[in-house]
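**Q** This is the structure, below, for whatever I ask next.
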Amino acid sequence: MAGWDMLIRLRYWAAMLVAGGVAAGISIQMDTSADDPAVLQNEASAALTVDTAPATDMPDDEAAPAVAPLPIWSKVVGPGDSVSGLLTEAGLDKETSRAVTGALGSAFDLQHIQPGHVLSLGLKADGTPRTATLEIEDGSRIQATFGPTPSVDRLAPQLTSVRRAGEATVDSSIFAALDRAGMPTRFATDLELILAETFDLRAHLGGGEHIRLMWREFRSGDRVVGDPTIDYAQLDLTDGRYQIMWPDDNSRQTRIFKDGELLKTFDQPIRGARLSSSFGMRMHPVHGTMRMHSGLDFAAPQGSVVEATQKGRVAYMGKRSGYGTVVELDHGRGVMTRYAHLSALNDKLKVGQRVNAGTELGRAGSTGTSTAPHLHYEIRINGEAVSPLADTRLRQPDGDTRTAEPLALVDTMQNEMARLIAAKG
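Quick note: the sequence shown uses numbering that gives the first Met the number 0, first residue 0, plus one each step.
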């Protein structure tokens, strides 16, 4: 029976892979790279092999009985939907629905379900679920299996990273220019946020400015999963050429150049994360009133590694009202950094311990007053919050602003962007 159950499971995986649009192989594109864990590739390959093996491979008297794949019920989460409401729509009774929500909720906070997530059920003959799968925004899947040996697993996304590039000329606004050029309009906000402490981008625009961007998007088959990530920008404005190089997955440093000179650097606490909220007055997402935002927010999946931006001493680890779980580092001379809304702390750290830049402090989460997983990062000088993008007291000396390494990186990014834009034409 164990072998029979495995056959059914493999058939279910095959159906899920096809129904969900998840790529079982690697797309052959010059500008793509596979991020799939090998074990998931093997499972996918095995599933497809079982489902597509020709019936003539073995004599009739030795052939396994034909088994239909598990029926699949699937629904894309819409505005206002809840998991319990969708399970009722799928025809599950209250007791079964509670079992499914309890299982999925043990690995993912169902209060954070959002439009675009996908809920799927693998149904047995009697209509009860053998499996329940919730695919979330980063392509990860929370899968609960029911039966004699129930289990809940978080499966890593099977994604392909694709690099793209485009250019636009500003007329009325950057947003409109990106929209006309078919580029992600969210990048207008990314540009405004990262330049906020350098200059007011909107005030610099009078029309006719030229923008070139290069970014990455992540795909499951033909479907784009999650938000695209901007890598490089070139802005030709009236007072000169600005170039911005964001950190990739292996770097924490953002660099801003003007006319070939390194103008500003910023070391961020999560590698490759996107800045999602700037320092200053804003409408509070929970309280709904204008309040001072005393740091920067970085959009990051639950569990992303949070690192010290510079060397220092652990001054505090624990809970603070509104901030949730935090780590605070003392860097001397009255300088303190705070890392808030963490889901977990690095249990190897102790208060009083000295750490280096890049030391893991904890994991990103949504503790305290928070609407979704992210990291809130602050710099305080003698107790007063300052903008992390503007303050230089944590920065290491950069030396010559025309150092060979950053300029070589800019040249590499610029050449790659130009190649991709030319290839589109």
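Every residue, glycine too, gets a C-beta built ideally from N, C-alpha and C.
1) Considering only residues of the same chain and omitting the five flanking positions on each side of Gly321, which have a CB-CB separation below 6 angstroms?
2) Starting from Val223, trace the beta strand (DSSP E) both ways and give me its first and last residue.
3) Assign Gly239 to one of three DSSP states: helix, strand, or coil.
4) Count Cβ pairs between the segment 105-120 and the segment 73-91 that sit closer than 8 angstroms; are there 3 or more?
5) Within 10 Å of its beta-carbon, does Thr159 have 16 or more other beta-carbons around it, so buried, or fewer, so exposed?
6) How is Ala389 classed by DSSP in three states: helix, strand or coil?
7) I'd like to know whether the C-beta atoms of Ser277 and Leu408 end up nearer to each other than 8 angstroms.
8) Mind checking which residues open and close the alpha helix (DSSP H) that includes Leu360?
9) Sort out for me which residues DSSP pairs Tyr338 with in a bridge.
10) So if DSSP puts Phe256 in a beta bridge, which residue, or which two residues, is it bridged to?
11) Just to confirm my understanding: we take Arg332, look at its own chain, exclude 5 residues before and 5 after, and list those with CB closer than 8 angstroms. What are they?
12) Starting from Lys318, follow its DSSP beta bridges and name the residues at the other end.
13) Suppose you measure from the CA of Ala102 to the CA of Thr127; what does that come to, to the nearest Å?
14) I'd like to check one pair, Met416 with Ala164: are the Cβ atoms closer than 8 angstroms?
15) Can you give me the Cβ contacts of Pro70 inside the same chain, cut-off strictly under 6 angstroms, excluding the 5 residues immediately before and after it?
16) Could you tell me the alpha carbon to alpha carbon distance between Ala371 and Met412, rounded to whole angstroms?
17) Using a threshold of 8 angstroms, state whether the C-beta atoms of Leu154 and Ser139 are closer than that.
18) Could you check whether Asp266 and Gln252 sit closer than 8 angstroms to each other, using their CB atoms as the reference points?
19) Could you name the residues of the same chain whose beta carbon sits closer than 8 angstroms to that of Pro405, not counting the 5 residues immediately before and after it, in chain order?
20) Alpha helix (DSSP H) containing Ala102: first to last residue?
**A** Taking the geometry as given:
1) As a working note, residue 321 is residue 322 in the sequence shown. So the qualifying residues of the chain are Gly367, Thr368.
2) Start at 1 with the first residue of the sequence shown, and residue 223 comes out as number 224. Run containing Val223: 222-236, per the beta strand (DSSP E) assignment.
3) Taking the sequence shown and counting its residues from 1, one reaches residue 239 at position 240. Gly239: strand per DSSP, three-state reduction.
4) With a cut-off of 8 angstroms, the segment 73-91 and the segment 105-120 count as touching, because enough Cβ pairs lie within range.
5) Looking up residue 159 in the sequence shown gives position 160. Looking at its Cβ environment, which holds 16 or more other Cβ atoms inside 10 Å, Thr159 is buried.
6) Here the question's residue 389 lines up with position 390 in the sequence shown. Of the three classes helix, strand and coil, the one that applies to Ala389 here is coil, per DSSP.
7) By one-based count along the sequence shown, residue 277 stands at place 278. By one-based count along the sequence shown, residue 408 stands at place 409. Not in contact: Ser277 and Leu408 (Cβ atoms no closer than 8 angstroms).
8) Taking the sequence shown and counting its residues from 1, the one referred to as residue 360 is at position 361. Where Leu360 is concerned, there is no enclosing alpha helix (DSSP H), although the beta strand (DSSP E) it sits in stretches over 359-363.
9) As a first step, residue 338 is located in the sequence shown; it is residue number 339 there, counting from the start. Partner(s): Val326, Tyr376.
10) As a position in the sequence shown, residue 256 is number 257, starting the count at 1. Paired residues: Gln242, Leu261.
11) Translated into positions along the sequence shown, residue 332 becomes position 333. Arg392, listed in sequence order.
12) Counting from one through the sequence shown, the residue named residue 318 turns up at place 319. The partner list for Lys318 (beta bridge, DSSP) reads Thr324.
13) Taking the first residue of the sequence shown as 1, we reach residue 102 at position 103. Taking the first residue of the sequence shown as 1, we reach residue 127 at position 128. Distance between the alpha carbons of Ala102 and Thr127: 15 angstroms.
14) By 1-based counting over the sequence shown, the position of residue 164 is 165. By 1-based counting over the sequence shown, the position of residue 416 is 417. Their beta carbons are under 8 angstroms apart, which means Ala164 touches Met416 by this criterion.
15) Counting from 1 along the sequence shown, the entry for residue 70 is found at position 71. So the list reads Leu122, once near-sequence residues are dropped.
16) Along the sequence shown, one-based indexing puts residue 371 at 372. Along the sequence shown, one-based indexing puts residue 412 at 413. Taking the straight line from one Cα to the other gives about 32 angstroms.
17) Locating residue 154 in the sequence shown gives position 155, where the first residue counts as 1. Locating residue 139 in the sequence shown gives position 140, where the first residue counts as 1. Yes, Cβ-Cβ distance for Leu154 and Ser139 is below 8 angstroms.
18) The residue labelled residue 252 in the question sits at position 253 within the sequence shown. The residue labelled residue 266 in the question sits at position 267 within the sequence shown. Between Gln252 and Asp266, the CB-CB gap stays under 8 angstroms.
19) On the sequence shown, residue 405 is found 406 positions in, with the first residue counted as 1. Within the same chain, and ignoring the five residues on either side of Pro405 in sequence, the residues whose Cβ sits closer than 8 angstroms to its Cβ are Met244, Arg254, Phe256, Leu261.
20) Along the sequence shown, one-based indexing puts residue 102 at 103. Note, Ala102: alpha helix (DSSP H), 93-104.
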